[in-house]
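Only one structure is covered here, and it is reproduced in the block below.
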Amino acid sequence: MDIFLQLLVNGLIAGSIYALVASGFSLIYSTNKFIYFAHGGAIAFSAYVLWFLFSKLGLSFGLAVVGAILFASFLGYLVNAFIFKPLRNQKTSSVILLIASVALLILFESLILILFGADVKTIGFLEVSKGLSLFGFIITPLQIFILATSLVLLILLFVFMKKTRLGKAMRAVADNKDVAEIVGISSENIYSWSFVIGSAIAGIAGVLVGMEQNLDPMMGSSLMVKGLAAAIVGGVGSVPGAILGAFLLGLVENFGIWYLPSGYKDAIAFVLLFIFLLFRPQGILGIRKRADI
Amino acid sequence: MMWAYFIHLAILIGIYLILALSLQLALGYAGLVNLGHIAFFAIGAYTSALLTLHGVPFLVAFLCAGLLAMLFGFLLSIPTNKLKGDYLALATLSFTFLVYAVTLNWNSLTRGALGLAGIPKPVIFGLHISSNLSFLILVAIVALITYFIIKRVVSSPFGKVLEATRDNELAIRILGKNAFKIKSLAMAMSAFFAGIAGSLYAHYITYIDPSSFTLTQLIPILCIVIIGGLASLRGTIVATIMLTLLPEPLRFIGFPSSVVGPMRQIIYAVILLIILLYKPKGFFGEVEID
Numbered sequence: 026m027d028i029f030l031q032l033l034v035n036g037l038i039a040g041s042i043y044a045l046v047a048s049g050f051s052l053i054y055s056t057n058k059f060i061y062f063a064h065g066g067a068i069a070f071s072a073y074v075l076w077f078l079f080s081k082l083g084l085s086f087g088l089a090v091v092g093a094i095l096f097a098s099f100l101g102y103l104v105n106a107f108i109f110k111p112l113r114n115q116k117t118s119s120v121i122l123l124i125a126s127v128a129l130l131i132l133f134e135s136l137i138l139i140l141f142g143a144d145v146k147t148i149g150f151l152e153v154s155k156g157l158s159l160f161g162f163i164i165t166p167l168q169i170f171i172l173a174t175s176l177v178l179l180i181l182l183f184v185f186m187k188k189t190r191l192g193k194a195m196r197a198v199a200d201n202k203d204v205a206e207i208v209g210i211s212s213e214n215i216y217s218w219s220f221v222i223g224s225a226i227a228g229i230a231g232v233l234v235g236m237e238q239n240l241d242p243m244m245g246s247s248l249m250v251k252g253l254a255a256a257i258v259g260g261v262g263s264v265p266g267a268i269l270g271a272f273l274l275g276l277v278e279n280f281g282i283w284y285l286p287s288g289y290k291d292a293i294a295f296v297l298l299f300i301f302l303l304f305r306p307q308g309i310l311g312i313r314k315r316a317d318i
Numbered sequence: 003m004m005w006a007y008f009i010h011l012a013i014l015i016g017i018y019l020i021l022a023l024s025l026q027l028a029l030g031y032a033g034l035v036n037l038g039h040i041a042f043f044a045i046g047a048y049t050s051a052l053l054t055l056h057g058v059p060f061l062v063a064f065l066c067a068g069l070l071a072m073l074f075g076f077l078l079s080i081p082t083n084k085l086k087g088d089y090l091a092l093a094t095l096s097f098t099f100l101v102y103a104v105t106l107n108w109n110s111l112t113r114g115a116l117g118l119a120g121i122p123k124p125v126i127f128g129l130h131i132s133s134n135l136s137f138l139i140l141v142a143i144v145a146l147i148t149y150f151i152i153k154r155v156v157s158s159p160f161g162k163v164l165e166a167t168r169d170n171e172l173a174i175r176i177l178g179k180n181a182f183k184i185k186s187l188a189m190a191m192s193a194f195f196a197g198i199a200g201s202l203y204a205h206y207i208t209y210i211d212p213s214s215f216t217l218t219q220l221i222p223i224l225c226i227v228i229i230g231g232l233a234s235l236r237g238t239i240v241a242t243i244m245l246t247l248l249p250e251p252l253r254f255i256g257f258p259s260s261v262v263g264p265m266r267q268i269i270y271a272v273i274l275l276i277i278l279l280y281k282p283k284g285f286f287g288e289v290e291i292d
């Protein structure tokens, strides 16, 4: 029973990080309609920027966090303005956009390697070691912080999408770009905004991941696969679906270690992704569109 | 010294050429957006390395590398046959990650992150191919055979059907052709050549580990195929030579070796982005991906 509770908690914590990765990615996908693979790279990049500002320059932690998030959104803005906007103007297919974003991911990872080096880095804010024992499972203050932050953020994101003008405009473009343009929404603006906001969420994910684990230049790819698997499982393009998928993935991964050697933890995401791509490509909450699959 | 360096480059060009030509067959001619090509390369490399390390003759291991990769290509094509565009790209991409995870974690077979060292140089009918020059001849022969077979395939009636499937799958099915079978065949054939390229790579470098076969390694190959132009074998050859040589001057400018690797990747990634932005059909290409 204790192990069950512990795995449940671990699954929820992993899920909350995946949920941040997947929701930012899903937001970009829902309006732009292509798989922005470099999202994971943006997460890794902002974690490194946090390390640089906090551990290297010695800024206060709050300031460094703001810096990292601003950096991520600016990166999202630039990427859209200089790469994806021109590509869209050529009416490029979504596969080309996907390939471009894979190239971008490799570009980010290589830049991280050159700028920060290959050695492992740690952000020593909030010690990981001391855990609190509650109701038979152990949780560290850092993990409580991560869980709480991501829950608050996901609720904020939900309110943003439902209540604000910009959020509604985003959903309108996601639903039907042409009709949205007829009522006066500039789809170009919305694409740009979704990159900025989606990347800001990536920045926050980067901050949380950076606090919890060591930084390595290739962490972007593996986070991306988790986020992507979560998004596809939940229903790609649906932010609530992405969050659902993320928690599901976190739980399946952690309970999976009961049966599998822990080295295969990462492989579980691919297998889940693969199964859903084959049997239910629209995901749990997605709506099947004949033309896409 | 200089001479040895040129031979080394020529061998790399040969191996990349086989890999790029095989991806061209799937991506350019059959229109299958296969981002899992590196996985077949990995399967070939590991098969051949493991077999020869256990005393199997090179030629047998070499063929097995191709055949096993081919089998996986065929198996991957069965479930992914219905998928198109993005979804196919994702499924094949996750296949790359899956193969990576298996090579990293199946310690008893692949020795995990330690990799396989001391892979023997090829011996063909008692002929020891130990010098780089003789290895170059071997690679050149295999690359030529690959080129002629793929050339033959794409200009055969089957090749025309393949291109027609790429352009309009529905029409092909209305004409009574089995589009699934056609795509599976293309995928299997493409995987076969990727597998033998992997075998050559393993026996040339004599050391492989999972990090030799990640997504990062896909970018140069993808770059070659797209820059050369889809459905153009001539373009692929020109692009392979150009792109393999392009980052080489970095070595002589005097960057530390820890920078040269990421620099190469940056060059390939930037070139790929530029070509997608300004010349999406590549230099000799006839079709666009969609």
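Going down the list, the sequences are from chains X and D. Going by my numbering, the first sequence runs without a break in its numbering and finishes at 318. Going by my numbering, the second sequence runs without a break in its numbering and finishes at 292. Heads up, the beta-carbon is just placed ideally off N, CA and C, and yes, glycines get one too.
Under the three-pair Cβ rule at 8 angstroms, the segment 106–116 of chain D counts as touching the segment 206–219 of chain D. In the structure shown, the three-state DSSP call for V35(D) is coil. The criterion of a C-beta distance shorter than 8 angstroms is not satisfied by L23(D) and I198(D). Bounds of the alpha helix (DSSP H) holding I229(X) are 212–237. DSSP, reduced to helix, strand and coil, places V125(D) within a strand of the structure shown.
DSSP places I164(X) inside the beta strand (DSSP E), whose first and last residues are 162–164.
Considering only beta carbons, the part of the segment 95–128 of chain X lying closer than 8 angstroms to chain D consists of I108, P111, L112, Q115, T117, S118, S119, V120, I121, L123, I124, A125, V127, A128, in chain order.
Counting only the Cα atoms, E206(X) lies some 44 angstroms from V101(D). Here the alpha carbon of G142(X) sits roughly 18 angstroms from the alpha carbon of R253(D). At a beta-carbon threshold of 7 angstroms, the residues of chain X lying near Q267(D) are I131, S135, ordered along the chain.
Each residue's CA atom was taken as its position, placing L14(D) and T246(D) some 8 angstroms apart. DSSP places I148(X) outside both helix and strand once states are collapsed to three, so it counts as coil.
At least 8 angstroms separates the CB of P265(X) from every CB of chain D. Here S85(X) is actually not in contact with I148(X); their C-beta atoms are around 13 angstroms apart, not less than 8 angstroms. At a cut-off of 8 angstroms between beta-carbon atoms, D291(X) makes contact with chain D. Across the structure, I124(X) and I28(X) are spaced so that their CA atoms are roughly 42 angstroms apart. Taking the Cβ atoms as the reference, L27(D) lies roughly 5 angstroms from S192(D), within the contact range of under 8 angstroms.
Boundaries cannot be given for F79(X), as no alpha helix (DSSP H) includes it and DSSP labels it neither H nor E. With contacts defined by Cβ atoms closer than 8 angstroms, I126(D) and F60(D) form a contacting pair. Given a length threshold of 4 residues, each whole run of the alpha helix (DSSP H) inside the segment 33–101 of chain X is given here in chain order: 64–76.
Shown here, L240(X) sits in a strand according to DSSP, grouped into three states. Taking every protein chain shown into account, the CB of E288(D) has fewer than 16 other CB atoms within 10 angstroms, so this residue is exposed.
A143(X) reaches chain D at S260, counting residues in chain order whose Cβ is nearer than 8 angstroms. Residues of chain D whose Cβ lies closer than 9 angstroms to the Cβ of L303(X) are, in chain order, P81, T82, K84, L85, A93.
Neighbourhood of S246(X) in chain D, by CB distance below 9 angstroms: F99, T216, L217, T218, in chain order.
One thing to note: D88(D) has its Cβ within 8 angstroms of the Cβ of I60(X). If you draw a straight line from the Cα of L78(D) to the Cα of I293(X), it comes to about 18 angstroms. When the alpha-carbon of F109(X) is set against those of V262(D), L275(D), N83(D), the nearest one is in L275(D).
Contact note: I139(X) reaches chain D through V261, P264, M265, I268, using a C-beta cutoff of 8 angstroms and chain order. Contact of L179(X) with chain D is not assigned, every C-beta pair being separated by 8 angstroms or more. At least 8 angstroms separates the CB of F77(X) from every CB of chain D. Excluding the 5 residues flanking it on each side, K58(X) has same chain C-beta neighbours closer than 7 angstroms at S119, in chain order.
Taking a C-beta cut-off of 7 angstroms against chain X, the contacting residues of the segment 219–246 of chain D are I221, L224, listed in chain order. Across the structure, K202(X) and S212(X) are spaced so that their CA atoms are roughly 7 angstroms apart.
The three-state secondary structure of I131(D), taken from DSSP, is coil.
Between G65(X) and M249(X), the gap from beta carbon to beta carbon is short of 8 angstroms.
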